[in-house]
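Just so you know, the sequences run in chain order V and G.
The numbering used here applies: residue 65 is where the first sequence begins, and numbers increase by one.
The numbering used here applies: residue 3 is where the second sequence begins, and numbers increase by one.
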Amino acid sequence: MLKNYLRIAFRNLSKYKFISFINLFGLTVGLACCLLILTYILHETSYDKYNRQAGRIYRVTRSFNNDQGVVSLHLGAVAPPFGPLLKNDFPDIQQVTRLLPIGHQMPMRYEDKIFNEGDLFFADSSFPGMFDMTVLKGNPRTALADPFSMMLTPAVARKYFGDADPINKVIRMNNQFNVKVTGIFQPFPSAAHLHPEVLLSFNTLKDSAVYGEKSLQTNWGNNAFYTYLLLPEHYPARSLEAQLPAFLDRRMHPNDAPADYKASKYTRLFLQPLTAIHLHSHLDEEIEENGDAGRVTVFGAIALFILLIACINYMNLSTARSSLRAKEIGIRKVSGALRQEIIIQFLSESILLSYMALLLAVGLTWLTLPGLNSVTGLQLSIYTLLQPLVLLPLLLTPLVVGILSGLYPALFLSSFQPSKVLKGLLKVGNGNVSFRKVLVVTQFAITIVLLISTAIVFQQLHYMQNTSLGFDKEHVVTLGYNNGLDNAYESFRTALLRDPHIRQVTRSSRIPSGRLLDDKGAASTETGDSLRPVNATIKYVAVDQDFVSTYSIPIVAGRNFSRDYATDTTAFLLNVAATQALGIRHPQDIVGKNFRYGKVLGKVIGVMADINFESLHQAIVPLILILPDNKDAANAFGRISIKIAGNKDNITAALAHLEKTWKTYLPEVPFDYTFLDEKFQQLYVSEQRQGTLFTAFSGIAVFIACLGLLGLSSFSISQRIKEIGIRKVLGASTTGLVRLLSVDFLRLIILAALIAFPIAWFAMHSWLSDFAYRISIQWWVFGLAGLLAAVVALVTISLQALKAALSNPVRSLRSE
Amino acid sequence: MIDLKRISKWVNVGGKPNFILKDINLHIKEGEFVSIMGPSGSGKSSLLNIIGMLDDASEGEYFFLGNPVHTMKEKQRSLLYKQYIGFVFQAYHLIDELTVYENIETPLIYQNIKSSERQAMVADILDRFQIVGKKDLFPTQLSGGQQQLVGIARALIAKPKLLLADEPTGNLNSRQGEEIMDLFKQLNKEGVTIIQVTHSEKNAGYGSHIINLLDGRVELT
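Put into structure tokens, the structure is as follows:
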């Protein structure tokens with residue numbers, strides 16, 4: 065029996081090629097979208113799970129409160145003493161490992177080969193045991209035990225040693241110390257929250273020239289050490305976490321703190337499951353930019369919506385073509401078919417079609433995955449689908465899709481009464497037509513929501529890339545600051561400025577596009593004749609006298625730092641937001657007032673305008689610029705920024721001069737620069753990707769929905785062919801007929817738009833709320849999206865309507 | 003075999019019943035060849051549909067081989083007619099997507115007859131109707147007469163006791179029509195009860211018994 069069903073299914077597919085194509089194509093594209101997004105979801109949710117001990121590893125994170133108990137900062141990393149102390153105080157903790165990212169480019173030299181390396185980490189010797197690492201050479205247990213030893217990935221090793229055996233070779237780091245290669249490890253999988261290329265032994269830090277053993281035990285302020293705990297199987301991590309405030313009070317006591325200092329009042333420690341880092345951790349400092357559970361959900365929903373649109377097409381087209389199958393159904397019933405047998409026949413057709421679509425979708429996925437990879441920057445592989453837990457549901461999907469899209473047509477078709485259909489008296493009921501209208505409205509509502517979302521994502525992107533940040537980011541080149549310049553900086557600067565294209569050169573601890581995370585603790589301001597503490601967290605950036613002018617930051621009151629005033633090393637430059645946080649109405653009121661920031665007591669010399677130092681996701685925070693004195697410069701500065709004047713040629717010339725000067729002063733350090741505006745672009749890469757994907761998916765949705773509309777309109781017109789004939793005989797014009805036939809569908813689109821608007825508004829409103837600086841949603845975007853959907857739909861319909869209106873009425877009237 | 007008691011059929015038009023069949027009493031014995039005649043709209047086809055269980059009567063009782071059809075559910079009725087009744091239509095009503103062979107085979111599929119058995123039965127009937135050579139053709143490749151032959155073959159494949167024919171020769175020329183009627187007569191001799199609806203006096207003459215319908219009532223002859 066099934067054979068008979070399949071046979072007729074195939075013959076029907078090949079007989080009505082166009083409709084079969086629409087159905088098959090729609091389902092294929094829908095399923096391919098699902099497969100693509102499924103590989104993406106599988107990738108995103110698989111982060112760090114490759115570790116055999118993944119379920120037992122927790123990361124320690126630390127939050128900071130201001131005096132009011134409000135969390136002002138939450139870092140993914142903690143201070144170095146915590147790791148060993150936790151291990152000591154909680155015997156249940158089986159292992160602790162600490163990881164310190166170097167965070168900037170580190171010049172490494174072997175013989176005459178010098179390169180900058182970016183992904184360097186100091187790692188405890190327990191690191192290779194806690195995380196699953198494939199160690200190709202060396203002993204994973206001891207490779208990171210000795211100070212001044214390190215492990216490399218094969219790619220890094222090859223750069224320095226070619227094909228020679230890297231083990232026991234010695235590399236000079238930043239022209240400061242030598243490190244011996246003790247191991248080679250495979251790069252981490254792409255689904256890992258960190259990707260070290262170079263692992264330096266943590267014990268190296270004990271050397272006082274590098275970091276110092278004492279600092280490792282007492283530096284509570286340097287929260288850059290990612291600390292991981294290995295807990296026993298099924299260990300209640302929450303109960304351990306609950307004991308951490310007491311642990312803080314017991315163990316953490318900074319040198320300058322008063323005797324009754326209770327650490328837990330100002331800071332808290334949290335335990336974060338390793339596997340939750342990628343999708344759920346968005347702390348102020350992360351090793352790499354993490355994914356976003358919300359985004360994964362959004363794309364999952366989009367995939368299902370596209371599949372739904374394709375299923376609706378199938379329903380619409382199958383019921384629309386019901387008159388073609390009516391006779392067959394009548395005959396089958398007369399021949400003794402039960403209703404359920406007819407239902408099974410039609411379901412087997414839709415299921416067959418779905419399986420064909422799945423087959424094609426796998427092919428399409430395979431073809432388009434590289435495209436998705438290049439858009440998302442991920443390394444998704446179709447082979448991730450080949451795991452039993454995925455494959456089984458995947459193979460059942462067409463069954464569900466087939467039933468979902470075939471059930472309604474099957475129920476509808478099997479209800480035909482043979483005595484009527486065989487007499488040619490079949491009138492497809494109105495109830496059926498209105499159900500199909502509901503389906504069309506659903507399709508177009510989804511489509512319009514996607515269109516609006518696309519438009520708003522792009523508007524926001526455009527806004528972020530073009531809005532004024534309050535300073536000049538164009539033609540600014542930035543380089544990593546190297547301590548080799550500490551003593552020669554003034555001469556280096558003068559040498560650079562000798563090139564007329566180079567306008568300004570400045571050093572700073574951070575540069576715009578980075579985060580503002582540093583603060584020196586409490587601030588106090590002069591009120592009357594005493595200092596009063598300030599109830600606000602103020603972040604700082606250490607700069608030199610040229611920072612403000614390099615970035616063209618407007619000074620609102622007072623003056624910039626100047627080489628003319630030796631006392632400026634205790635001077636402060638606030639931003640407007642900081643003055644507001646201090647409760648000062650007019651910026652000039654604070655200029656010249658005493659001010660204490662951290663341990664430094666000095667004067668406010670000026671107020672600068674608020675600038676969007678961080679990405680536009682972040683609101684402008686109170687900020688203070690400080691000028692470290694020369695002896696602190698080594699630790700204070702991280703970047704050099706160089707402002708170049710004018711056009712492209714200038715930039716080329718200036719860069720050449722810059723490189724030449726760099727090589728003169730820092731022969732041991734490779735010349736490595738970035739343009740600041742590119743750094744700003746990169747801040748919005750994930751939004752850009754989201755925008756591209758939104759465009760692609762909403763385009764697909766519109767296309768599939770229009771294919772469905774094509775089918776539906778041709779059906780509806782064929783139903784009214786007699787009416788059209790009569791109207792034509794009575795003298796109706798072609799345009800009048802096209803209007804008559806199109807207006808029904810236009811109503812549906814308008815209804816769809818009315819449903820879509822609030823949904824889209826709500827969705828985009830919540831999407832935009834992630835941005836501190838955002839566009840306001842404008843009504844015309846909605847109008848435009850609705851109009852676009854209507855125009856595309858109308859073109860589809862009127863082509864059909866025109867064909868009907870131009871046909872000879874004699875034929876349609878005779879055939880009745 | 004067939005017993006209709008006070009069968010009426012109406013449809014509501016503007017809230018008022020419009021009678022298609024009114025108060026039909028009919029008794030047809032096994033082995034009869036009955037022709038139903040009457041002008042257009044007299045209710046011939048409706049009566050045939052009710053007898054064939056494709057349609058319900060609005061009122062009245064219908065016994066088929068002693069079974070009270072009027073009290074049965076659709077499923078039971080379906081089981082009954084697929085066992086005992088074959089249909090032949092004016093417009094042949096073959097499934098265009100199936101070959102001659104497959105069209106004839108269809109009723110057997112719904113009776114859950116095994117494939118090998120089906121093959122034998124279809125081969126028999128193809129042979130008998132001398133259309134073996136056409137078994138792999140599709141309906142559109144056949145002439146009207148040939149299509150109706152296939153339609154009859156399909157109606158007979160499950161060896162029904164009752165053959166219902168709704169103007170079986172209406173779309174055929176007179177020569178083809180005669181052939182079909184001769185075949186009916188032959189079948190009737192072999193014991194198949196036949197009820198046909200026809201416009202043609204000549205075709206009605208093949209039957210043993212004529213029922214005349216006018217405005218939904220049986221005209222007494």
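We put the CB at the ideal spot given by N, CA and C, even for glycine.
Remember, it's a predicted structure, so these values are computed and weren't measured experimentally.
Quick one: what's got a C-beta closer than 6 angstroms to residue i's C-beta in the same chain, skipping five residues either side?
i: residue 219 of chain G; result: 24
i: residue 91 of chain G; result: 168
i: residue 879 of chain V; result: Summary for residue 879 of chain V: the model assigns pLDDT 47, below 50, so the residue's position carries little reliability, and this model does not support an answer.
Who pairs with residue i in a beta bridge, going by DSSP?
i: residue 211 of chain G; result: G:36
i: residue 103 of chain G; result: DSSP, once it has assigned bridges, lists no residue as partnering residue 103 of chain G.
i: residue 243 of chain V; result: V:235
i: residue 12 of chain G; result: G:21
i: residue 265 of chain V; result: V:187
i: residue 322 of chain V; result: DSSP lists no partner for residue 322 of chain V.
i: residue 661 of chain V; result: V:587, V:664
i: residue 594 of chain V; result: V:591
i: residue 638 of chain V; result: V:671, V:688
Among the residues of its own chain, which have a CB less than 7 angstroms from the CB of residue i, if the five just before and after it don't count?
i: residue 881 of chain V; result: The shown model of chain V, from 65 to 880, leaves out residue 881 of chain V, and the question about it has no answer.
i: residue 537 of chain V; result: 576, 740, 741, 744
i: residue 683 of chain V; result: 836
i: residue 89 of chain G; result: 54, 157, 166
i: residue 206 of chain G; result: 37, 39, 200, 212
i: residue 72 of chain V; result: none
Quick one: does residue i have its CB under 8 angstroms from some CB of chain G?
i: residue 486 of chain V; result: yes
i: residue 379 of chain V; result: no
i: residue 13 of chain V; result: Nothing can be reported for residue 13 of chain V, as the shown portion of chain V is limited to 65 through 880.
i: residue 420 of chain V; result: no
i: residue 385 of chain V; result: no
i: residue 400 of chain V; result: yes
i: residue 83 of chain V; result: no
i: residue 394 of chain V; result: yes
i: residue 68 of chain V; result: yes
CB-CB under 8 angstroms to residue i, same chain, minus the five flanking residues each way: which ones, in chain order?
i: residue 189 of chain G; result: 158, 165, 196
i: residue 299 of chain V; result: 120, 156
i: residue 494 of chain V; result: Unreliable placement is indicated for residue 494 of chain V, whose pLDDT of 47 sits below 50; no coordinate value is reported for it.
i: residue 756 of chain V; result: 439
Strictly under 8 angstroms for the Cβ-Cβ distance: is residue i near chain V by that measure?
i: residue 224 of chain G; result: Residue 224 of chain G lies beyond the stretch modelled for chain G, which goes from 3 to 223, so this question has no answer here.
i: residue 53 of chain G; result: no
i: residue 66 of chain G; result: no
i: residue 99 of chain G; result: yes
i: residue 77 of chain G; result: yes
i: residue 10 of chain G; result: no
i: residue 138 of chain G; result: no
i: residue 57 of chain G; result: yes
i: residue 112 of chain G; result: yes
How about residue i: is its Cβ closer than 7 angstroms to a heavy atom in the ligand FMN?
i: residue 132 of chain G; result: As far as ligands go, the structure on display features none, and thus does not contain the ligand FMN.
Below 8 angstroms, can you find three or more Cβ-Cβ pairs linking the region 362-369 of chain V to the region 149-158 of chain V? No, they do not touch.
Does the count of Cβ pairs from the region 88-100 of chain V and the region 295-302 of chain V closer than 8 angstroms reach three? No: the two stretches stay apart, fewer than three of their Cβ pairs being nearer than 8 angstroms.
Please list the segments of the beta strand (DSSP E) lying wholly inside the region 507-547 of chain V, counting only runs of 3 or more residues, in order along the chain. Taking 3 residues as the minimum length, the beta strand (DSSP E) runs contained wholly in the region 507-547 of chain V are 540-544, in order along the chain.
Should the region 254-273 of chain V be regarded as contacting the region 763-781 of chain V, the criterion being three or more beta carbon pairs within less than 8 angstroms? With contact defined as three or more Cβ pairs closer than 8 angstroms, the region 254-273 of chain V and the region 763-781 of chain V are not in contact.
With three or more C-beta pairs closer than 8 angstroms as the rule, is the region 191-198 of chain V touching the region 165-182 of chain V? Contact between the region 165-182 of chain V and the region 191-198 of chain V is absent, because fewer than three Cβ pairs lie under 8 angstroms.
Count the CB pairs spanning the region 627-636 of chain V and the region 686-703 of chain V that are closer than 8 angstroms, and state whether there are at least three. At 8 angstroms Cβ cutoff, the stretches touch.
Alpha helix (DSSP H) runs contained entirely in the region 425-469 of chain V, provided each spans 4 or more residues: Fully enclosed alpha helix (DSSP H) runs of 4 or longer: not present.
Can you list, in chain order, the stretches of the beta strand (DSSP E) that have 3 or more residues and sit fully within the region 547-582 of chain V? Counting whole runs of 3 or more residues, the region 547-582 of chain V contains the beta strand (DSSP E) stretches 566-572.
Check whether the region 110-117 of chain G and the region 177-189 of chain G touch, using three or more Cβ-Cβ pairs below 8 angstroms as the test. As far as the Cβ criterion goes, the region 110-117 of chain G does not touch the region 177-189 of chain G, which means the pair count is below three.
Any chance you could list the alpha helix (DSSP H) runs of at least 4 consecutive residues sitting entirely within the region 24-91 of chain G, in chain order? The qualifying runs are 46-53, 76-86.
The region 587-601 of chain V in contact with the region 712-726 of chain V per 3-pair CB rule at 8 angstroms: No, because fewer than three Cβ pairs between the region 587-601 of chain V and the region 712-726 of chain V fall closer than 8 angstroms, the two stretches do not touch.
Uninterrupted beta strand (DSSP E) stretches inside the region 686-716 of chain V (no shorter than 3 residues): Listed in chain order, the complete beta strand (DSSP E) runs (minimum 3 residues) inside the region 686-716 of chain V are 687-690, 703-708.
Enumerated in chain order, which unbroken segments of the beta strand (DSSP E) with a length of 3 residues or greater are wholly contained in the region 268-317 of chain V? Runs found: 290-294.
Kindly confirm or deny that the region 59-66 of chain G and the region 5-20 of chain G touch, where touching means at least three C-beta pairs closer than 8 angstroms. Yes, the region 59-66 of chain G is in contact with the region 5-20 of chain G.
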